[in-house]
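Asker:
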Amino acid sequence: MRVIFFIFLLIRGTHLSCQLWGKFSSSALAKDGDITFGGIFTLHYKGATPAVSYSAGPLNPGCVGFNLRAFRWAQGMIFAIEEINQDEYLLPNITLGYKIHDSCANPPEALRATLSLVNGEEDISILNSTCKDQSVAAVIGCSGSTQSITIARILGSFGIPQISYFSSCACLSDKHEFPTFFRTIPSDYFQVQAWVKVVKHFGWTWIGAFGSDDAYGHFGIQSFLEEIKKIDACIAFAEYFPAVYTKGKIQEHIELIKKSKAKVILVFATEIDMYILANELLKQNVTGIVWLASESWATAGLLSTKEMFGTLGGLLGLGIQRSSIKGIKDFLLRIHPADYPGNVYIKEFWETTFKCTLASQNYTTLLITYNTYKFDHNGDPRPSYDIINWQLDVNGDVQYVDIGFYDGSAEAGYELTINEDNIIWNGGQKKVITSSCSESCPPGTRKATREGEPICCFDYCIRCPWNHWPNSMKNTCLPKAVEYLSFGEMMGIILSALGVAGACLTVFVAAVFFHFRSTPIVRANNSEISFLLLFSLLLCFLCSFLFIGEPSHWSCKLKHAAFGITFVLCISCVLGKTLVVIMAFKSTLPGHNIMKCFGPLQQRLSVFFFTCIQIIICILWITISPPFPSENTKYFKNRIIFECNLGSVAAFCFVLAFIGRKLPDNFNEAKYITFSMLIFCAVWITFIPAYLSSPGKYTVAVEVFAILSSSFGVLLCIFAPKCYIILLRPETNTKKHVMGRSTNIYVILHYFTVSNLAF
C-alpha cells in the first residue's frame, strides 16, 4: 500500500503546474477586475444531496427553492461595485471585480464556495516551485450564522476579511476565534435585550418560543430564556424547527400552540422554517397570536403576503434601519437573461418572477444595505433596530410600519421607544393582547403555585399575614420592613441638631440673665419666673430626643408625659408673667389690693397648680391606658410604621396677653408674650392637619418639628429682645428708660423688685 501511494505521489509530481484536485463547478455571478471581491449568498433555500456511488467523483450538490430576497442582496453587492467603478474619482485606474457563489443555506456548500474563492479555480504554472495565489481581497457573506461560522474559520486563517450582512449570532463577536469577521447587523445579544424590553413594556408574562436548529436559533432562544427570568416572566414552551420537517412534527407544533395559554410567541428562525409553520397555521386558521419576529424574517417577502396576513398580521418585528438606495430599482428592473447568457441564476430569477410585477417588491429600500457602518472592537456595528408592525395599506398589501426604536447604546432605561397608538394587533384590534398563565394576585396575597410548573402558573391566591408582604414574584410572604424616625437618617440628624442648638441657646440666655440679674431690664421681668421658664424650655428642647429612635414601651410612656409636663410648666410660667403685667397696669397705686392677690407666692402656686394637674393627668394616663409601641400598616401595605397625644392652656394665656396689648409703649413685655403665643398657636394649629396627613415616620417628624418650633418661638420672642438690650444696647438698660414717662411703670418695676428680693 505504501508503494502504491509513493508511486501516486511521483505521478502527481511530474506535472509542471499546480492543479486543483477538484473544482467548485457551481455557477457564479462573476466579473473580472484588478481587485476581486467574493460573495456568498443564500440564493436557494436548501441544498439537495446527490447519491454517492463511490465509483466516480462526487457530484456537485444541487439547490432548490430560489430565494428572491437573497438574489436582491447579491444584486445589491453588484450594484455597489458598479457604482464604484463608474466613479472616476473614487478609485481611478482601478477596476473592481466580483465572484458570487450560492451557499444553498448549507454549511458544506458554503465551505466549498469559500475554498474556491480563497484558492482560485485555474491551473497556475510553477514559478520557483511555488504556486501564485489569486484569492479574493475580501468576502461578503454569508447570511446564516452557521454558514458564517464555517467560512470565518477558513478566511481567518488566511487573513481575508469577511463582512456578513445577516449573521447575527453573538458567538461571532469573539475576535480570538474569528479575527477577520465583521458584520453590518447587530449581535443577537442586543436583539435578545430588545425583545426582553418589549415583553416587559407590554406586561407579557407567559411567552412561547421557536428557534431554528442551528447556531442562530439555539443561541437566540437560550439567551432569551436566561434574560426573561430577570423580569419575572416565564416561558410556556421552547421548541426548535428540525432540519427536515415532517408532517407529524408540524402537527405537534400546531397542537402545542393551540393548547398553550401563551398568546405571544417569539421566533428565532429563518424565513423558510417560519414559512413551513405559518403555512400550516393558515390552513388550520390559527389566529389571535402576537408573533415576535427576529430580524431574519421580520421583513421577508415570502411571509408578508395577503394570504399569510390573517395568521401573522399585527406581528412585531425587529428590522435593521432602512435607507433609500438611489438607482437600485432601475438596476434591478434592467436585469434580463439576454444580458447574462449562460447564467442560471439570472435565468431562474427571470422564470420565478416572470408572472409577478416587479414593481410590487420594495426595491428602493433594503434593510441591510446603503448605511454607513462603524465597527467596534468586536467587529459589530451600533446595536439599533426599528420595531415594525405588520399592517395592511389602502391597497390591501402588507406594509412594515415603524412603531418604535431600540438603541442598545443608549442610557440605561432609555433604550426602548414605542408608540402604542400606532400598533394594530392581530385581528385588527387596538387593545394590547394579554399573555399570562394565570391572573395576577391582588396586593397582599401570594400565589399558590402548581407543583412542577413555572411560578407564572398558580391555582389561587393566598393572603399573607398582616405583618407580611409577598415578594416581587408573589410566590412567598416576607416580613414587612419596619420604619421609624432614626438618628442615623438625614431627617433625624437635622431635628437632633436643632434640638441641641435650642438647648445650647437656652443655657446661653440663662447665663446672660444670671450674670446681669441686678440690671433693671432683668429685674423688671420677674427673674424667678424667667429662670423657671428657661428651665422648662430647656426640657422642651431635650424631650424632642425622646421622639427620635426606635419606639419602646418606656420611650412611648416617657416622651408624651415629659412633653406634656414640660410644656404645661412653660406655658404656666408665661401665664404667670402675663397675669402680673395685667394686674399691675390695672392698679392705680402701688400696693393696691389687686396686686396682693397675685404676689410671688400666688405666682409659684399657679405654676405649681397647673403643672400638678398635668402630672396627675399623665400619671392616670400611663396607669390606666398607657401609650405603647404600635405597628401601623394603615399608610403603607408593604411596610410597618413603628409609632407610639396634647392638652394646653396656651389659648387662655393668649387671650390674657391680648388684653394686655395696650400697655405703655416702652413696656413691651405683653407684646413679646403676644408674639410668642401667636407663634405657639400657629404652630400647633397647623400641626393638627399636618400630623393627620403625614404618613409613617413623618408624623413623628412633624411632632418633633412642632415642639422645636414652638420652643424657639417662646425663647426668641420673650428673651431675644432683652438679650439684645443687655448685650448690644447696655446704655438703654437703665431704670429711667425702662420706666419711661408712664407712672404705672413704677408699679411694675417696684413689684418685680420685691419679687426678686424674695428670689
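FYI, in mature numbering (1 follows the signal peptide of the UniProt record, and there is no 0) the residues of the sequence shown are -16 to -1, 1 to 743. The beta carbon of each residue, even a glycine, is placed where N, CA and C say it ideally should be.
Pick out whichever of 94, 493 and 176 has its Cα sitting closest to the Cα of residue 700.
Answerer: For the purposes of this step, residue 700 is identified with residue 716 of the sequence shown, where counting begins at 1. The option with the nearest alpha carbon to residue 700 is 493.
Asker: Is there contact between the segment 286 to 300 and the segment 207 to 222, where contact requires at least three CB pairs shorter than 8 Å?
Answerer: No, the segment 286 to 300 does not touch the segment 207 to 222.
Asker: Between the C-alpha atoms of residue 329 and residue 28, what's the straight-line distance to the nearest angstrom?
Answerer: The residue labelled residue 329 in the question sits at position 345 within the sequence shown. The residue labelled residue 28 in the question sits at position 44 within the sequence shown. Computed Cα separation, rounded: 10 Å.
Asker: Fully enclosed by the segment 119 to 195, which alpha helix (DSSP H) runs are 4 residues long or longer?
Answerer: Runs found: 129 to 142 and 172 to 186.
Asker: Is it buried or exposed for residue 498, if we count other Cβ within 10 angstroms and need 16 for buried?
Answerer: Position 514 of the sequence shown, counting from 1, holds the residue named residue 498. Residue 498 is exposed by the Cβ-count criterion.
Asker: Per DSSP, what kind of secondary structure is residue 299 in: helix, strand or coil?
Answerer: Residue mapping note: residue 299 aligns to position 315 of the sequence shown, counting from 1. Note: residue 299 maps to coil in three-state DSSP.
Asker: From this set, 191, 197 and 228, which residue's C-alpha is nearest residue 212's C-alpha?
Answerer: Against the sequence shown, residue 212 aligns to sequence position 228. Among 191, 197 and 228, the Cα nearest to that of residue 212 belongs to 191.
Asker: Where does residue 78 fall in DSSP's three states?
Answerer: As a working note, residue 78 is residue 94 in the sequence shown. Here residue 78 sits in coil by DSSP.
Asker: What residue range does the beta strand (DSSP E) around residue 390 cover?
Answerer: Stepping through the sequence shown from its first residue, residue 390 is reached at position 406. Residues 382 to 391.
Asker: For residue 218, which three-state DSSP category applies?
Answerer: Here the question's residue 218 lines up with position 234 in the sequence shown. The answer is strand: DSSP assigns residue 218 an E or B state.
Asker: Measure the alpha-carbon distance for residue 553 versus residue 600 and round it to whole angstroms.
Answerer: Sequence index remark: in the sequence shown, residue 553 carries index 569 (1-based). Sequence index remark: in the sequence shown, residue 600 carries index 616 (1-based). Using only the alpha carbons, I get a separation of about 13 Å.
Asker: Is it a yes or a no for the segment 231 to 250 touching the segment 137 to 152, going by three-plus beta-carbon pairs under 8 Å?
Answerer: Result no; under three Cβ-Cβ pairs closer than 8 Å.
Asker: So, do the segment 264 to 274 and the segment 229 to 248 have three or more beta carbon pairs nearer to each other than 8 Å?
Answerer: Cβ pair count under 8 Å is three or more, so yes.
Asker: I'd like the ranges of any alpha helix (DSSP H) spanning at least 4 consecutive residues and lying wholly in the segment 260 to 332.
Answerer: Runs of the alpha helix (DSSP H) inside the segment 260 to 332: 290 to 296 and 312 to 317.
Asker: Terminal residues of the continuous beta strand (DSSP E) containing residue 400?
Answerer: Numbered from 1 along the sequence shown, position 416 holds the residue referred to as residue 400. Run containing residue 400: 400 to 402, per the beta strand (DSSP E) assignment.
Asker: Which of helix, strand or coil does DSSP assign to residue 652?
Answerer: Translated into the one-based positions of the sequence shown, residue 652 becomes position 668. Legend: pLDDT at residue 652 = 47, less than 50; position of this residue unreliable, value from coordinates given subsequently. Here residue 652 sits in coil by DSSP.
Asker: By DSSP, does residue 20 sit in helix, in strand, or in coil?
Answerer: Taking the first residue of the sequence shown as 1, we reach residue 20 at position 36. Residue 20: strand per DSSP, three-state reduction.
Asker: Would DSSP call residue 745 helix, strand or coil?
Answerer: Only positions -16 to 743 of the chain appear in this structure, which leaves residue 745 out of reach.
Asker: For residue 708, does the count of other Cβ atoms within 10 angstroms reach 16, so buried, or fall short, so exposed?
Answerer: Here residue 708 refers to the residue found at position 724 of the sequence shown. Residue 708 is exposed by the Cβ-count criterion.
Asker: Measuring alpha carbon to alpha carbon, tell me which of 697, 412, 137 and 367 ends up nearest residue 172.
Answerer: Start at 1 with the first residue of the sequence shown, and residue 172 comes out as number 188. Checked all of 697, 412, 137 and 367; the closest Cα to residue 172 is 367.
Asker: Below 8 Å on the Cβ atoms is my guess for residue 19 versus residue 78; work out the distance and round it to an integer in Å.
Answerer: If you number the sequence shown from 1, residue 19 lands on position 35. If you number the sequence shown from 1, residue 78 lands on position 94. Correct: roughly 7 Å between the Cβ atoms.
Asker: Between residue 602 and the rest of its own chain, which residues show a CB-CB distance below 7 Å, the 5 nearest in sequence each way excluded?
Answerer: On the sequence shown, position 618 is the one that residue 602 refers to. Excluding sequence neighbours, residue 602 sits near 545, 548 and 549.
Asker: When you compare the CB positions of residue 159 and residue 89, do they come within less than 8 Å of one another, or not?
Answerer: Taking the first residue of the sequence shown as 1, we reach residue 159 at position 175. Taking the first residue of the sequence shown as 1, we reach residue 89 at position 105. No, the pair does not count as a contact, with Cβ atoms beyond the cut-off.
Asker: Classify residue 606 as helix, strand or coil using the three-state DSSP reduction.
Answerer: Here residue 606 refers to the residue found at position 622 when the sequence shown is read from its first residue. Looking at residue 606 - three-state DSSP - the assignment turns out to be helix.
Asker: What distance in whole Å lies between the Cβ atoms of residue 591 and residue 516, which are believed to be in contact at a cut-off of 8 Å?
Answerer: Numbered from 1 along the sequence shown, position 532 holds the residue referred to as residue 516. Numbered from 1 along the sequence shown, position 607 holds the residue referred to as residue 591. Indeed, because the Cβ distance is near 7 Å, the residues count as touching under 8 Å.
Asker: Identify every residue that forms a DSSP beta bridge with residue 453.
Answerer: Along the sequence shown, one-based indexing puts residue 453 at 469. Residue 453 is bridged to 462.
Asker: With distances taken from CA atoms, which of 150, 64 and 121 is nearest residue 26?
Answerer: As a working note, residue 26 is residue 42 in the sequence shown. Nearest of 150, 64 and 121 to residue 26, Cα basis: 150.
Asker: Compare the Cα-Cα distances from residue 161 to each of 168, 138, 274 and 148 and report the closest residue.
Answerer: Taking the sequence shown and counting its residues from 1, the one referred to as residue 161 is at position 177. Checked all of 168, 138, 274 and 148; the closest Cα to residue 161 is 138.
Asker: Just curious, the beta strand (DSSP E) that residue 530 is in, first and last residue?
Answerer: To locate residue 530, count along the sequence shown from 1; it is residue 546. Per DSSP, residue 530 belongs to no beta strand (DSSP E) and is neither H nor E.
Asker: Report all residues from its chain with a CB closer than 7 Å to the CB of residue 408; omit the five preceding and five following residues, and keep chain order.
Answerer: Residue 408 sits at position 424 when you count from the first residue of the sequence shown. Cβ within range, chain order: 298, 373, 375 and 414.
Asker: Given a threshold of 16 other Cβ atoms within 10 Å of its Cβ, counted over all protein chains shown, does residue 637 qualify as buried or as exposed?
Answerer: Counted from its first residue, the sequence shown places residue 637 at position 653. Reliability of the predicted coordinates at residue 637 is poor, the pLDDT of 43 falling under 50, and no value is obtained from them.
Asker: From residue 371 to residue 319, what does the alpha carbon distance come to, in whole angstroms?
Answerer: The sequence position of residue 371 within the sequence shown is 387, counting from 1. The sequence position of residue 319 within the sequence shown is 335, counting from 1. Roughly 32 Å between the two C-alpha positions.
Asker: On the three-state DSSP scale, how would you describe residue 558?
Answerer: Taking the first residue of the sequence shown as 1, we reach residue 558 at position 574. Of the three classes helix, strand and coil, the one that applies to residue 558 here is helix, per DSSP.
Asker: Can you name the start and end residues of the alpha helix (DSSP H) that residue 695 belongs to?
Answerer: As a first step, residue 695 is located in the sequence shown; it is residue number 711 there, counting from the start. Note, residue 695: alpha helix (DSSP H), 681 to 712.
Asker: Pull the bridge partners of residue 248 from the DSSP assignment, please.
Answerer: Indexing the sequence shown from 1 puts residue 248 at position 264. Residue 248 pairs with 191 and 274.
Asker: Is residue 255 helix, strand or coil when you go by DSSP?
Answerer: Here residue 255 refers to the residue found at position 271 when the sequence shown is read from its first residue. Helix, per DSSP.
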